[in-house]
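Asks: Following this message is one structure expressed as structure tokens.
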Amino acid sequence: MSEVTLRFDGHEKKVAIGTPFLDVIKSLGKLKETIAVQVNGQPRDLPSRVESDADVTLITFDSPEGKEIYRHSSSHLMAQAVKEVFPSAKMTIGPAIEEGFYYDFDFERPFTPEDLDKIEAKMTEIVKRDLPISRMELSKEEAVKLFQQRGEPYKTELIEEIDTPPISAYQQGDFIDLCTGPHVPSTGKIKAFKLISSAGAYWRGSEKNKMLQRIYGTSFPRREDLDAHLKKLEEIKKRDHRKLGKELDLFSISDEIGPGLVLWHPNGAIIRKTLEDFWREAHVKAGYELVFSPHIARLDLWKQSGHLQFYKENMYAPMDIDGMPFELKPMNCPFHIMIYKSHLRSYRDLPFRWAELGTVYRYERSGVLHGLLRVRGFTQDDAHLFCRPDQIESEILKVLDFTTFVLKTFGFDSYDIYLSTRPEKFVGSPERWEQATAALESALKQKGLAYQIDPGEGVFYGPKIDMKIKDVLGRSWQCTTIQVDFNLPERFGITYRGEDGREHQPIMIHRALMGSIERFFGILIEHYAGAFPTWLSPVQAKVLPITERQRDYAGQIQQRLRGAGIRCALDDRNEKVGLKIREAQLMKVPYMLVVGDREAADQTLSVRNRAGESTTMTLEELQKKILDEIATRVG
RNA sequence: GCUGGCGUAGCUCAGUCGGUAGAGCAGCUGACUUGUAAUCAGCAGGUCGGGGGUUCAAUUCCCUUCGCCAGCUCCA
Numbered sequence: 159m160s161e162v163t164l165r166f167d168g169h170e171k172k173v174a175i176g177t178p179f180l181d182v183i184k185s186l187g188k189l190k191e192t193i194a195v196q197v198n199g200q201p202r203d204l205p206s207r208v209e210s211d212a213d214v215t216l217i218t219f220d221s222p223e224g225k226e227i228y229r230h231s232s233s234h235l236m237a238q239a240v241k242e243v244f245p246s247a248k249m250t251i252g253p254a255i256e257e258g259f260y261y262d263f264d265f266e267r268p269f270t271p272e273d274l275d276k277i278e279a280k281m282t283e284i285v286k287r288d289l290p291i292s293r294m295e296l297s298k299e300e301a302v303k304l305f306q307q308r309g310e311p312y313k314t315e316l317i318e319e320i321d322t323p324p325i326s327a328y329q330q331g332d333f334i335d336l337c338t339g340p341h342v343p344s345t346g347k348i349k350a351f352k353l354i355s356s357a358g359a360y361w362r363g364s365e366k367n368k369m370l371q372r373i374y375g376t377s378f379p380r381r382e383d384l385d386a387h388l389k390k391l392e393e394i395k396k397r398d399h400r401k402l403g404k405e406l407d408l409f410s411i412s413d414e415i416g417p418g419l420v421l422w423h424p425n426g427a428i429i430r431k432t433l434e435d436f437w438r439e440a441h442v443k444a445g446y447e448l449v450f451s452p453h454i455a456r457l458d459l460w461k462q463s464g465h466l467q468f469y470k471e472n473m474y475a476p477m478d479i480d481g482m483p484f485e486l487k488p489m490n491c492p493f494h495i496m497i498y499k500s501h502l503r504s505y506r507d508l509p510f511r512w513a514e515l516g517t518v519y520r521y522e523r524s525g526v527l528h529g530l531l532r533v534r535g536f537t538q539d540d541a542h543l544f545c546r547p548d549q550i551e552s553e554i555l556k557v558l559d560f561t562t563f564v565l566k567t568f569g570f571d572s573y574d575i576y577l578s579t580r581p582e583k584f585v586g587s588p589e590r591w592e593q594a595t596a597a598l599e600s601a602l603k604q605k606g607l608a609y610q611i612d613p614g615e616g617v618f619y620g621p622k623i624d625m626k627i628k629d630v631l632g633r634s635w636q637c638t639t640i641q642v643d644f645n646l647p648e649r650f651g652i653t654y655r656g657e658d659g660r661e662h663q664p665i666m667i668h669r670a671l672m673g674s675i676e677r678f679f680g681i682l683i684e685h686y687a688g689a690f691p692t693w694l695s696p697v698q699a700k701v702l703p704i705t706e707r708q709r710d711y712a713g714q715i716q717q718r719l720r721g722a723g724i725r726c727a728l729d730d731r732n733e734k735v736g737l738k739i740r741e742a743q744l745m746k747v748p749y750m751l752v753v754g755d756r757e758a759a760d761q762t763l764s765v766r767n768r769a770g771e772s773t774t775m776t777l778e779e780l781q782k783k784i785l786d787e788i789a790t791r792v793g
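Everything in the first sequence is counted per our numbering, starting at 159 for the first residue and increasing by one.
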């Protein structure tokens, strides 16, 4: 029998051709954690056999590939269980996703939580059977026949579209699913799993197709990892900005006003005001100028901008004013362009950086509205830069610096960045696209920011950089977008007088850092779990006198702190201090200032923070501490 | 928009297999003068999301409409 050499990371091993990788891994003592192998870069099942000399990497759950395989095998396990419990369910597709997996079934009714329990119990049983999972390869005809026999029409539809034979399928017990693999070697490998939810989903994601029943689940090799994940889901629930928004009295959305329209209560409004002040001040410091624009404009403006053509489905019906149609604005850009157009512009003037907290209204389908994260009226932290083509790169560099500064202020320092390039339908010349895309890319590189290219995902009018921030729970949120626009300058015919005395067309860059104030606020609520840093907290300190005897002293403290610019409240009700503390704590007030006879006598404060730690300090010390936290925006 | 679920007091939630509803918290009133996450007592509070239908009778059953939630799709 001939031998070949397998090269593992750091060592080699000679094995006989035809040996299953399973045996090789077993001999290395790594069978337990190994899910599959990569042979010369190709993922393979453990039961597959050694064919030739090769570089072999062990795939474990710790790698993204490992997770994918593990979850995909989990989805097969679930599908097998569903077929055993509900034989009439037709299988469709069931991939691994970010934090788990799902499988879509065509079933006569939605699955209930009780169904999920039954399915989960069946999964446990199948895991106990520890069925070997084996790969089979079939011709297209064989595959179609097989799944026809098994009564799986969706599978045969999928097979019909595959034109790279052979077609592979995986079998465990008498369950067979169409799949490219690889998979874990047996059902017993799936250790800890949980079915999370079920909901409708369209066949192939199109609402024209039949609604299928999707079951979401997740799985881990170790029980404690599953528990940690479930705990995180709990934590996410607890942080839901809609729940905290109500509890902390930050905002509301009223039926009587309409869906997707936000009321900012005083507690939310003061946070917004603080955010906006910070935003404006930072922009002025970064060389922007502030502008304002109206909420409606003549329909003709939107015709000229092209919004009426390209953005119609997000715009509201026009209103009639003195026989003239006007339109509620879905964007701010045309207004800023009109500011540009109000003068003759010279190349010496460029770039212009005009920023506006511009409130826009967009029609969103009712099913997509979601708290503050998806609304119909919102304020963009918008800016438009008008520059010469040779200034694109330096402007983008500045925007990137500025963005990271702004986001860091809120503790967002980890991003996923996407560079979207020219789509199939586009305006402007390919050369311009190339130039602008290169400028964006070069700026990202100079800043040392890691990014991914999203080919063809640019907007029709120009390439863009999108940044997703990662919150404290590791969830990502799309906020920042930086878009080059060749279209609007063209449509509005804006120009500047060049060095050569001729008219040139400026480049326009749209950018929003937070995206929208509403959405960003929603993200912040969840990010901070409602416990805002001192500079943002609606109430920064609350004086809690123990009895009526300390009323005067408490009042003086409040006045002093208020006078220093600190948002300080006073709870002088005839209540026990335990209750006052409880309420202030639930409202997540950063500093609770307990004053009793002792403090009044010593002219001190018993300062309790949100963590429940108390220290005694003087008013001066506390004031300095709070002012310092406000100034540095930490704490 | 689609599919499913839900809508009962300011909030969180019970309940009625059809006979017009109940708790805790919040609110109000009173007592208590209080030491680091809930003092006690009393009172009041709901055309059971809106409209229509079936019925002697609807919060309950049916239809419709609005809104919310989850998912799909789409996006700041």
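Ideal Cβ placement from N, Cα and C applies to all residues, glycine included.
Between the Cα of MET625 and those of GLU661, ASP574, GLU485, ASP658, spot the shortest distance and give me the residue it belongs to.
Replies: When C-alpha distances from MET625 are compared across GLU661, ASP574, GLU485, ASP658, the shortest belongs to ASP574.
Asks: Going by DSSP in three states, CYS337 sits in which element: helix, strand or coil?
Replies: In this structure, CYS337 counts as coil in the three-state DSSP scheme.
Asks: So ALA758 and LEU702 are in contact, right, with Cβ under 8 Å, and what is the actual spacing, rounded?
Replies: That pair is no contact at about 13 Å.
Asks: Using a 10 Å radius around the Cβ and a threshold of 16 neighbouring Cβ atoms, would you call ALA212 buried or exposed?
Replies: buried
Asks: Buried or exposed for GLU676, please, with buried defined as at least 16 other CB atoms from any protein chain shown within 10 angstroms of its CB.
Replies: The residue in question, GLU676, is buried, as its Cβ has 16 or more Cβ neighbours within 10 Å.
Asks: Which residue's Cα is closest to the Cα of PHE536: THR517, ILE554, PHE409?
Replies: THR517
Asks: Roughly how many angstroms lie between the CA atoms of THR322 and LEU577, to the nearest whole one?
Replies: 31 Å
Asks: Ignore the nearest five residues each way along the sequence and tell me which others in VAL147's own chain have a CB closer than 6 Å to its CB.
Replies: Residue 147 is absent from the model: the chain starts at 159 and stops at 793.
Asks: Beta-carbon separation of PRO664 and ARG546 under 8 Å?
Replies: yes
Asks: Which class does VAL449 belong to by DSSP, given the choice of helix, strand or coil?
Replies: coil
Asks: Starting from ALA194, trace the beta strand (DSSP E) both ways and give me its first and last residue.
Replies: 192–197
Asks: Flag this pair as yes or no: are the beta carbons of LEU682 and ILE394 separated by less than 8 Å?
Replies: no
Asks: Do GLU223 and ILE217 count as a contact pair if the criterion is CB distance below 8 Å?
Replies: yes
Asks: Would you call MET489 buried or exposed, if buried means 16 or more other Cβ atoms sit within 10 Å of its Cβ?
Replies: Buried, because 16 or more other Cβ atoms sit within 10 Å of the Cβ of MET489.
Asks: Do you know offhand how far LYS605's Cα is from PHE568's?
Replies: Looking at the two C-alpha atoms, the distance is approximately 20 Å.
Asks: Enumerate in chain order the residues of its own chain whose CB-to-CB distance from PHE618 is below 8 Å, with the five nearest sequence positions on each side excluded.
Replies: PHE468, PRO581, LYS583, PHE584, VAL585, ASN645
Asks: When the Cα atoms are used, what is the spatial distance from ARG655 to TYR498?
Replies: 13 Å
Asks: With distances taken between CB atoms, is the gap from ALA687 to ARG397 smaller than 8 Å?
Replies: yes
Asks: Identify every residue that forms a DSSP beta bridge with PHE536.
Replies: VAL518
Asks: According to DSSP, is GLY632 helix, strand or coil?
Replies: Residue state, collapsed to three classes: coil.
Asks: Can you look up SER587 in the DSSP assignment and give me helix, strand or coil?
Replies: SER587: coil per DSSP, three-state reduction.
Asks: To the nearest angstrom, how far is it from the Cα of GLN238 to the Cα of GLU300?
Replies: Between GLN238 and GLU300, the C-alpha separation is close to 21 Å.
Asks: Taking C-beta to C-beta, are SER344 and ILE291 nearer than 8 Å?
Replies: Less than 8 Å separates the beta-carbon of SER344 from that of ILE291.
Asks: Please name the residue in SER587, VAL526, TRP512 whose C-alpha comes closest to that of HIS668.
Replies: TRP512
Asks: Select from ARG202, GLU392, LYS556, PHE351 the residue whose C-alpha is nearest the C-alpha of LYS443.
Replies: LYS556
Asks: Which runs of the beta strand (DSSP E) fall wholly inside the segment 291–355 and span at least 3 residues, in chain order?
Replies: 291–296, 325–330, 333–336
Asks: If I measure Cβ to Cβ from LYS738 and keep anything under 6 Å in the same chain, skipping five residues before and after, which residues do I get?
Replies: LEU702, ASP729
Asks: Quick check on the DSSP output: the alpha helix (DSSP H) that includes LYS461 runs from which residue to which?
Replies: 457–463
Asks: At what residues does the beta strand (DSSP E) containing SER772 begin and finish?
Replies: 772–775
Asks: Could you tell me whether the Cβ atoms of THR579 and GLY614 are closer together than 8 Å?
Replies: Against a cut-off of 8 Å, the Cβ pair of GLY614 and THR579 comes out as a contact.
Asks: Taking SER578 as part of the beta strand (DSSP E), name the residues at either end of that continuous run.
Replies: 573–578
Asks: Could you give the first and the last residue of the continuous alpha helix (DSSP H) run that contains SER232?
Replies: 222–243
Asks: Using alpha carbons as the reference points, say which of LEU543, PHE690, VAL182, ASP262 lies closest to ALA357.
Replies: Nearest neighbour of ALA357 by Cα position, chosen from LEU543, PHE690, VAL182, ASP262, turns out to be ASP262.
Asks: Restricting to runs no shorter than 3 residues, where is the beta strand (DSSP E) found entirely within the segment 665–719?
Replies: 665–674, 699–703
Asks: Quick check on ALA541: does DSSP put it in helix, strand or coil?
Replies: Here ALA541 carries a strand assignment [DSSP, helix/strand/coil].
Asks: In this structure, how does DSSP classify LEU751 when only helix, strand and coil are distinguished?
Replies: strand
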